[in-house]
Each structure stands twice: as C-alpha cells, then as structure tokens.
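Respectively, the protein sequence lines represent chains Y and L. Residue 10 in the numbering used here sits at position 10 of the first sequence, and the numbers go up by one each step. Here the numbering used here = 1-based position in the second sequence + 1000. Glycine included, each C-beta is placed from N, C-alpha and C at the ideal position. The structure appears below as structure tokens.
There are 2 protein chains.
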Amino acid sequence: MLTAIYTSVGELVGEGADKITFPVIAERAGVNPTTLYRRWDDVNALLEEVAVAALTRDGESVPNTGSLEQDLTEWAKIIARDITRPKRARYLRAMVSARVEIVSSCPVTETRREQASKMVRRARERGETTPTVPQILDHIIAPLYHHVVFALQVDHEYARRLVRDVLAMVR
Amino acid sequence: MLTAIYTSVGELVGEGADKITFPVIAERAGVNPTTLYRRWDDVNALLEEVAVAALTRDGESVPNTGSLEQDLTEWAKIIARDITRPKRARYLRAMVSARVEIVSSCPVTETRREQASKMVRRARERGETTPTVPQILDHIIAPLYHHVVFALQVDHEYARRLVRDVLAMVR
DNA sequence: GTCGAAACGCAATGATCCTTGCTTTAATCA
DNA sequence: TGATTAAAGCAAGGATCATTGCGTTTCGAC
C-alpha cells in the first residue's frame, strides 16, 4: 500500500512527468485518490517524503583509504555520480521547491555531515591536519549541488578539484 | 500590460502564494487568462521569465576597496543580504524547480561571474595572488545558495568565513 | 483614411481536480 | 468470538483550470 504509493511517485518522478497529482499517483498505485487526499496535505508533502526517503537510503560506505585526500576524492566522486543521475537530480529539485521548514531538518544533509565527520576523525587520529566538517560541506557538497542544480558540468575531475581546494585551505 | 503581469507574479511570489496559476495571475493583473495561455506555454515559463528578470536587475556596484579580501567580503555580504530576503529565496526556488535547459543559460550566474572577474582582475593588477573565478563561484556563491536553500544560517560572519577559506587556498 | 494583421477580451465547453458524506473492509483488543 | 476504532473505497458535488471559436480592439503600412 504505502510502498505502492512510493514507487508510483518514484516512477513518475523518474519519467519526468510534469503532471504529478494525487489522482495520477493514485491510479498508478492502484489506490483511491481519496486516500492520498486524506493522508497528505498536498502533493508537495508526499513528494518531499519520497524524495527524502530516496536520497537518504544510500548504503554507500564511507571511503577509508588511509589518506583524507583520497577518502574525500572517492566520496566526492560517489556523490557526483549519484546526484547527476536524472532521477536524483529531479528529487533534488523537488526538495528544493518544497517548503522550507521540512527541508531545514532534512536527513540528507545530516547523512553527509556524519560521513564527513567520520573521515575527518580518522584523519585526525592519523595525525593529519584536516579542514573542519562545515568546511567540507561548504566547499565540496555545496558546489556539487550547485553545479547539478544549474546544470553545469559535474565529473570526476571537478570532484578532484574541489577536494584539492578544500585541502589547500589548511596547508 | 506586460508590466502588470510581471508585478502580479512578483506580488504572488512575494506573498508566498501556493497556487500560482494563470487565472489567479490574470485576475490580479486585470487581464484575461486567455492572454496568458496564449503567450506562455505554462505557468513555469512565465515564472522563470519573471524570476530571471528580478534576480538580474541588481544595480549593485562591484566593491572596490583596494584589497581582494575586503572586496570579496563586501560582495559576499551584499549577496547574503540579498538572497536571504524571502522573496528572493522564493524566486531561487522557483528557478530551480523550473526546467533545466533554461536554468543552464541563466543570466544570474553570468552576472556573478562577471562581478567576480572584475574584482580578480583588479587584484591581479595590484600584484595580489588571487583564486580563480571558478574557485570564487564554487566556494563563495555555491555555499551561500546552499545555505539559503537548506535554510541554514547565512549572516555576515558566515560570508567572512567563506572569503577567508577561499583566500587560504592560494596562500 | 482604409486595410490587414496581430493581440486581446468574451463566453462556452470539456477536463481535471478537490472535497465530503457514507459504506465497507481490516485490524486491535476485551 | 464479537465489538470498537481506524483506514480505505465509492460516488457525487462543486470548483478551478485549460482550451477554443469568434468578435473586438489596436496599431502600423499603404
């Protein structure tokens, strides 16, 4: 039931459907539109829910190569590859255009923050000088998202450059 | 006529109206909905047009204080103050949720790029070592937007920190 | 001044959506 | 097992939106 609704939304987003409404979602999910109207305030609320769920269940393991530079580079490449997938990009757009209050407490950024913390902690235990976690989020994650949203190039070379930049800050 | 439509859209966006449709826009602008249906393909197209117009007519002058650090700091503060205004933030969201093709050729980022170029050029003529223009966009503009979109704090201290970070890259 | 094209207003039509009262199914607990 | 509550289906209504044909206005060219 709930999973049918989620996959219905997921498919529609994946297809780039422009008309994502409760009746459309309901028909594909094999449920009655009334159910959706009663459970969610509006389509955006449901979209947010699905987007957050899709963007957080990553299962990616945090790189652990022995050097922060390599860890961050691998990490940035993974994220770059992930968010440039059309479906993910659309989810991102959906989240951005959604209401502010929910986005502010979004688990997506929390996941990134935790991953960054882990890599930084390991590096410090090895005695490396590291940038701060906020610096990593500001100067790696933010530019990646920015490039995706504005349809600029996001490739491995770009990911590498961002990592070099952020490490250059603390040298 | 056209200005009435633009201001109508501007007001609706400013008020945070959730349902921005052609009939609603038309009524406030004092025109017939048919006109809008005929001139624009859909509401998003019109929204984009207005958003781009609103976000590009800045009239801000590029800071010229004699040092790149101060120039960038002033610049970042201006942008921070600008994009945190609720109306601008909504315009940003509207643009992001719009179609990809148009966003990619968005004049907004071009304006920022030109402003950054000007400050960098002046600094180099003074003999300063400077970051590149892409670095400035990636590590000042992108984090600012990122913070706005995810409803994180964007204040003067944050702007200062970003500038310090980007300058630390080239020292 | 007249003609013609383009844009706008008007009105009617059809489609889609949103809401709501009522019924039916499903699940929980005594 | 039987009862109570919550959730889903059903159907009808009202509302808003999108589309289109036709008449009217406006503006520029001849």
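Please tell me whether residue i has its Cβ less than 8 Å away from any Cβ of chain Y.
| i | result |
| --- | --- |
| L:Val-1133 | no |
| L:Val-1013 | no |
| L:Val-1096 | yes |
| L:Asp-1155 | no |
| L:Ala-1142 | yes |
| L:Ala-1168 | yes |
| L:Phe-1022 | no |
| L:Thr-1109 | yes |
| L:Leu-1162 | yes |
| L:Val-1149 | yes |
Using a C-beta cutoff of 8 Å, does residue i count as contacting chain L?
| i | result |
| --- | --- |
| Y:Tyr-145 | yes |
| Y:Asp-138 | yes |
| Y:Arg-93 | yes |
| Y:Asp-165 | yes |
Alpha helix (DSSP H) containing residue i: first to last residue?
| i | result |
| --- | --- |
| L:Pro-1107 | 1107–1125 |
| Y:Thr-3 | 2–15 |
| L:Pro-1143 | 1142–1149 |
| L:Thr-1130 | Premise fails: L:Thr-1130 is in no alpha helix (DSSP H) and is neither H nor E. |
| Y:Val-166 | 156–168 |
| Y:Met-23 | First, the amino acid is wrong: residue 23 of chain Y is Pro here, not Met. Taken as a continuous stretch (DSSP letters only), the alpha helix (DSSP H) holding Y:Pro-23 covers 22–29. |
| Y:Arg-85 | Taken as a continuous stretch (DSSP letters only), Y:Arg-85 belongs to no alpha helix (DSSP H), as it is neither H nor E. |
| L:Arg-1039 | 1033–1039 |
Residue i and residue j look like a contact to me (Cβ under 8 Å); what is the Cβ gap, rounded to whole Å?
| i | j | result |
| --- | --- | --- |
| Y:Ala-89 | Y:Ala-159 | Actually they are not in contact, since the Cβ atoms of Y:Ala-89 and Y:Ala-159 sit about 16 Å apart, beyond 8 Å. |
| L:Pro-1107 | L:Val-1052 | 6 Å |
| L:Val-1096 | Y:Val-96 | 5 Å |
| Y:Thr-56 | Y:Thr-111 | 6 Å |
Using 8 Å as the cut-off, can you tell me whether the stretch 1075–1086 of chain L makes contact with the stretch 1132–1152 of chain L, which would need three or more C-beta pairs spanning the two stretches below that distance? Counting C-beta pairs closer than 8 Å gives three or more between the stretch 1075–1086 of chain L and the stretch 1132–1152 of chain L, which meets the contact rule.
Does the stretch 1163–1171 of chain L come within contact of the stretch 1127–1146 of chain L, defined as at least 3 CB pairs closer than 8 Å? Judged by Cβ distances under 8 Å, the stretch 1163–1171 of chain L makes contact with the stretch 1127–1146 of chain L, as three or more pairs qualify.
May I ask you to verify whether the stretch 30–48 of chain Y touches the stretch 63–81 of chain Y, counting CB pairs closer than 8 Å and requiring at least 3? Flag = no, the stretch 30–48 of chain Y and the stretch 63–81 of chain Y do not touch.
Is it true that the stretch 113–130 of chain Y meets the stretch 69–80 of chain Y, where meeting means three or more beta-carbon pairs spaced less than 8 Å apart? Yes, the stretch 113–130 of chain Y touches the stretch 69–80 of chain Y.
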